[in-house]
Amino acid sequence: MAPFFIQFRMRSSSPSPSVPEAPRFVMVPGQCDLTCIWCNYRSNPPKEPMDFGRLLGQLEGLYAQGVRRVCFGHQSSEPTTCSDFPELVLQAHGMGFQSISLYTSGLRLSELAYVRRLKSCGLSAVNISLPGIDETIADILLGRAGATAAKLAALEHCASEGLQASATLMFVRPALSGMRRSVEGLRALASRWPESIRFQGTLLSPVVDEDPRRYPLFWPSYGEVAWTMRDIKTSAPDFKLFSSDAPSCVAGRIPGLCSERQTMPRIPYVKPAKSCGRCRFSRQCPGVFAPYIKSHGGVSPASFLRGVAPRIPDVKMLAKQIRELKEP
Ligand code: SF4
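Heads up, the sequence shown is in this note's numbering, so the first residue is 4 and it goes up one at a time.
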C-alpha cells in the first residue's frame with residue numbers, strides 16, 4: 004500500500020524535460036494484508052469493491068490525458084490481494100503506459116513465481132516500506148510475524164527479475180535505535196543489485212489522528228532523528244531521509260534530512276515561540292505540527308546539534324501498547 008506521506012512527496016514533482024513525470028496513483032481496492040502502525044493499523048477494509056471495468060476506464064482516461072507513468076496502490080489498499088491485479092497490469096501495458104509501478108506490502112512478492120508473472124505482464128517497478136530489518140521489532144510494527152523477512156525476500160526477487168525495487172525505511176520511534184543496522188543491511192542487499200535496488204528513509208508526515216496515543220509512541224523527536232542520522236552517517240554517508248514538512252531550522256541542522264517544506268492539509272501548525280521570533284525563515288514558515296509540540300515540547304536547535312539517543316524499545320511493552328491501540 005502507499006501511505007499518504009509517500010504519495011505526497013511523489014506527487015509534488017512537476018514534469019520537466021530533465022525530470023521524469025511523477026506517476027499518477029490508481030487505487031486497486033484490495034484488503035491490505037498488514038496492519039502497519041503508521042498506516043492502516045486497525046485493518047480497515049477498502050472503501051470500494053474491486054470494479055475491473057471502472058479501473059480500466061480510469062486507466063484509459065489517464066492515457067488519453069497524456070499520462071504515461073502510473074502507480075498502483077493507495078492508502079490502506081493492497082493491489083496484490085486482488086486476483087485480477089496481474090490482468091490489470093497487462094491491460095495497462097497494452098494501453099502503452101511506459102512505467103507501471105506498484106506500492107505494496109510486499110508479502111505476495113515473496114513468491115518468486117508471482118513476481119515473474121507481474122514482470123511478464125509489464126510491471127516495471129516496486130516500492131516497499133519497512134521500519135527496519137530487526138525482525139523482532141519490525142514485525143510488531145508491521146502487525147504480522149514473518150512480514151520483515153517476506154519484504155526482504157520480495158526486494159531480492161524483484162531485483163533478480165530485473166524490476167526496479169525501492170525500499171523506504173520508516174523512521175518510526177521504536178525503530179530508530181536499530182536504524183543504522185537496518186541501513187547497513189539494506190546497503191549490503193543493494194550492493195548485490197546496484198542497478199535495481201534503491202533505499203532511503205522517510206519521516207512520518209503528520210496526520211489527523213483519532214487516537215492521540217500514537218504521536219508520542221511512534222513520532223520521534225527531531226533530536227532523536229538527529230542522533231540517528233549522525234549514527235547512520237558514520238557508515239553510510241550518502242543515506243538520505245525525506246520529510247514532507249520539517250521546517251528550515253530542523254532540515255538545515257540534521258545531516259541528510261531533505262524536507263519539501265510543504266504543510267499537510269487539515270493539520271494545525273504552530274511556531275515554538277522563543278526561537279521563531281528571531282528566525283530568518285519566519286515569514287514563510289508555518290512552524291511545526293501541533294501534536295509534535297504537545298508530545299515532545301518545543302523545537303530546540305541545540306537538540307539537533309547534539310542529538311538525543313532514542314530508547315531501545317521494550318519488546319513486550321511495545322507489543323502490548325500496539326495491541327491496545329488496535330482495540331476498537
Ligand atoms: S519560524 Fe520557527 S519553526 Fe520555522 S524555521 Fe524558523 S525557528 Fe524553525
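Glycine included, C-beta positions come from ideal geometry on N, C-alpha and C.
Quick check on the burial criterion: 16 or more other C-beta atoms within 10 angstroms. Buried or exposed for M359?
Outside the displayed range of the chain (4 to 331) lies residue 359, so it cannot be described from this structure.
Through-space distance from T107 to L260, alpha-carbon basis
Position 257 of the sequence shown holds residue 260. Position 104 of the sequence shown holds residue 107. Each residue's alpha carbon lies about 25 Å from the other.
With a threshold of 16 other CB atoms inside 10 Å of the CB of V318, please say whether the residue is buried or exposed.
Walking along the sequence shown from the start, residue 318 turns up at place 315. Counting Cβ neighbours within 10 Å, V318 comes out exposed, since fewer than 16 surround it.
Within the same chain, show all residues whose beta-carbon is closer than 6 Å to that of K274, passing over the 5 residues directly before and after it, in chain order.
To locate residue 274, count along the sequence shown from 1; it is residue 271. Once the five neighbours on either side are set aside, the close Cβ partners of K274 are G290.
Consider the C-beta atom of G290 and the heavy atoms of the ligand SF4; say whether any pair is separated by less than 7 Å.
Counting from one through the sequence shown, the residue named residue 290 turns up at place 287. Yes, the Cβ of G290 comes within 7 Å of a heavy atom of the ligand SF4.
Mind checking which residues open and close the alpha helix (DSSP H) that includes F242?
Stepping through the sequence shown from its first residue, residue 242 is reached at position 239. Looking at the DSSP string, F242 is not in any alpha helix (DSSP H), and its letter there is neither H nor E.
Using 8 Å as the threshold, is the segment 59 to 70 in touch with the segment 167 to 177, meaning 3 or more CB pairs across them?
no
Considering only DSSP beta bridges, list what V291 is partnered with.
Here residue 291 refers to the residue found at position 288 of the sequence shown. In DSSP, V291 forms a bridge with V273.
Once you ignore the five residues that flank F292 on each side, which residues in its own chain have a CB closer than 6 Å to its CB?
For the purposes of this step, residue 292 is taken as residue 289 along the sequence shown, with counting starting at 1. Closer than 6 Å at the Cβ level, and outside the excluded window around F292, lie P209, I270 and Y272.
Can you grab the Cα-Cα spacing for the pair A150 / Q34, in whole Å?
The residue labelled residue 150 in the question sits at position 147 within the sequence shown. The residue labelled residue 34 in the question sits at position 31 within the sequence shown. Spanning the two alpha carbons is a distance of roughly 16 Å.
With a 10 Å radius around its C-beta and 16 neighbouring C-beta atoms as the bar for buried, classify R119 as buried or exposed.
Position 116 of the sequence shown holds residue 119. With fewer than 16 Cβ atoms within 10 Å of its Cβ, R119 is classed as exposed.
For D234 and F55, what's the separation of their Cα atoms in angstroms?
Translated into positions along the sequence shown, residue 234 becomes position 231. Translated into positions along the sequence shown, residue 55 becomes position 52. For D234 and F55, the distance between alpha carbons rounds to 47 Å.
With DSSP run on the structure shown, which of helix, strand or coil describes R176?
On the sequence shown, position 173 is the one that residue 176 refers to. It is helical.
So, is G255 buried or exposed, given that buried needs 16 or more other C-beta atoms within 10 angstroms?
To locate residue 255, count along the sequence shown from 1; it is residue 252. It counts as exposed.
Test item: CB-CB of T38 and K277 under 8 Å
Looking up residue 38 in the sequence shown gives position 35. Looking up residue 277 in the sequence shown gives position 274. Taking 8 Å as the Cβ cut-off, T38 and K277 do not qualify as a contacting pair.
Output needed for V253: all residues of its chain with C-beta closer than 6 Å, excluding positions within five of it in sequence on either side, in chain order.
Reading the sequence shown from its first residue, position 250 is the one you call residue 253. Answer for V253: Y225, listed in chain order.
At a cut-off of 7 Å, would you count P271 as near the ligand SF4, judging by its Cβ distance to the nearest heavy atom?
Here residue 271 is taken as the residue at index 268 of the sequence shown, counted from 1. Not so, every heavy atom of the ligand SF4 lies at least 7 Å from the Cβ.
Just checking my contact of W222 with S298 at CB under 8 Å: how many whole Å lie between their CB atoms?
The residue given as residue 222 occupies position 219 in the sequence shown. The residue given as residue 298 occupies position 295 in the sequence shown. Going by Cβ atoms, the distance from W222 to S298 rounds to 6 Å, so yes, they are a contact pair.
With 16 other Cβ atoms within 10 Å as the buried cut-off, status of D212:
Here the question's residue 212 lines up with position 209 in the sequence shown. That one is exposed.
Cutting at 8 Å between CB atoms, please list the residues of its own chain near R326, excluding the five before and the five after it.
As a working mapping, residue 326 is identified with position 323 in the sequence shown. Excluding residues within five positions, none has a Cβ falling inside 8 Å.
Alpha carbon to alpha carbon, how far is P6 from S80?
As a first step, residue 6 must be located in the sequence shown, where it is residue number 3. As a first step, residue 80 must be located in the sequence shown, where it is residue number 77. Residue confidence for P6 is low, a pLDDT of 45 falling below 50, so the modelled location carries little weight and cannot support an answer.
Is it right to say R217 is buried, meaning 16 or more other beta carbons lie within 10 angstroms of its own, or is it exposed?
Sequence index remark: in the sequence shown, residue 217 carries index 214 (1-based). Result: buried.
I need the straight-line Cα distance from M182 to R27, nearest angstrom please.
On the sequence shown, position 179 is the one that residue 182 refers to. On the sequence shown, position 24 is the one that residue 27 refers to. The alpha-carbon atoms of M182 and R27 are separated by roughly 31 Å.
To the nearest whole angstrom, what separates the beta carbons of L3 and N130, a pair I think is in contact under 8 Å?
Within the shown structure, residues of the chain are numbered from 4 to 331, placing residue 3 beyond reach of any answer.
Proximal residues to K154 (C-beta, below 7 Å), its chain only, five neighbours per side dropped
Counting from 1 along the sequence shown, the entry for residue 154 is found at position 151. Cβ neighbours of K154 beyond the five flanking positions: G109, I131 and L133.
Can you name, in chain order, every residue of its own chain whose Cβ lies under 7 Å from the Cβ of L121, other than the five neighbours on each side?
Here residue 121 refers to the residue found at position 118 when the sequence shown is read from its first residue. Excluding positions up to five away in sequence, the list reads P89 and V92.
Starting from the Cα of P250, find the closest Cα among Q203, S199 and F307 and give me that residue.
Working through the sequence shown from its first residue, we reach residue 250 at position 247. With distances taken between Cα atoms, P250 lies closest to F307.
Could you compute how far the alpha carbon of P20 sits from the alpha carbon of F100?
Mapped onto the sequence shown, residue 20 falls at position 17. Mapped onto the sequence shown, residue 100 falls at position 97. Unreliable positioning characterises P20 in this predicted model, as indicated by a pLDDT of 49, which lies under 50. A coordinate reading is not provided.
Alpha-carbon to alpha-carbon, A312 and P258
Here the question's residue 258 lines up with position 255 in the sequence shown. Here the question's residue 312 lines up with position 309 in the sequence shown. Those two C-alpha atoms are separated by around 15 Å.
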